[in-house]
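Quick note on the working numbering: the sequence shown kicks off at 47 and runs consecutively. We put the beta carbon where it would ideally sit given N, CA and C, even for glycine. Remember, predicted model here, so these are calculated numbers, not experimental data. Working notes for the structure below.
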Amino acid sequence: MARTVGSTGRVIAVDIQSKMIERLKRRAANANLGEWIDARITRAGSMQLDGLDSCIDFVFAFAVMHEMPDTAVFFGESAATIKPGARMLLAEPLSQVNEAEFDAELETAKRASLEIEARPLIRRTRTALLRKTQA
C-alpha cells in the first residue's frame, strides 16, 4: 500500500495487536517506507483515529471486521475519517463470517453513512465496496 500511495500519500494502519504493528513498522523501515506509514494500536472503545476527520480517500478492511469488539465503533470512526464520496472495501472470510453476520455488518455500515456501491467478487470472501454518502 505504501508503495502505491508513494511519497505524496500516507498509509494509516490500525491493528488491535501491538505485535502486528511492530512487525509492520520493522518491515516498512527495512523497505525504506516507514515515513509513509502512520501505525496505530486500537484501544477499547476507540480506533485511535484522532486528527483524521474527513481526510482519508480509501479504507481497506480485509478479514478484520469479525475480530472487532464493536463494529459500530469501527464503522462510525472510519466513516468520520473518510471524505464524502470516498470508499471502503470490506471483505470477510467465508470460513469465519456467514451471510447473516455479513449482512449485519453492512447494516451497521449503513447507519454510519456508508452505502453499498458494489459487491465485487474476491475469492473466499464476502465483499462489499462501500461509499460514504454526502450526509
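- Put simply, the backbone Cα of Ser92 is about 28 Å away from that of Ala164.
- In this structure, the alpha-carbon of Thr171 lies about 25 Å from that of Thr127.
- For Ala158, the CB contacts under 7 Å within the same chain, skipping 5 residues up- and downstream, are Phe121, Gly122, Ala125 in chain order.
- The stretch 53 to 64 makes contact with the stretch 77 to 88; the number of CB pairs closer than 8 Å reaches 3 or more.
- Annotation for Ala132: the continuous beta strand (DSSP E) segment containing it runs 128 to 139.
- The shortest CA-to-CA distance from Glu161 to any of Met134, Val105, Ala146 is the one to Met134.
- For the 8 Å CB-CB criterion, Gly131 and Lys178 form a contact.
- In the three-state reduction of the DSSP assignment, Ser159 falls in the coil class.
- Only residues of its own chain outside the window of five on either side were considered, and among them Val60, Asp61, Ile62, Gln94 have a CB closer than 8 Å to the CB of Thr88, listed in chain order.
- Non-local C-beta neighbours of Gln142 in its own chain, meaning closer than 7 Å and more than five positions away in sequence, comprise His112, ordered along the chain.
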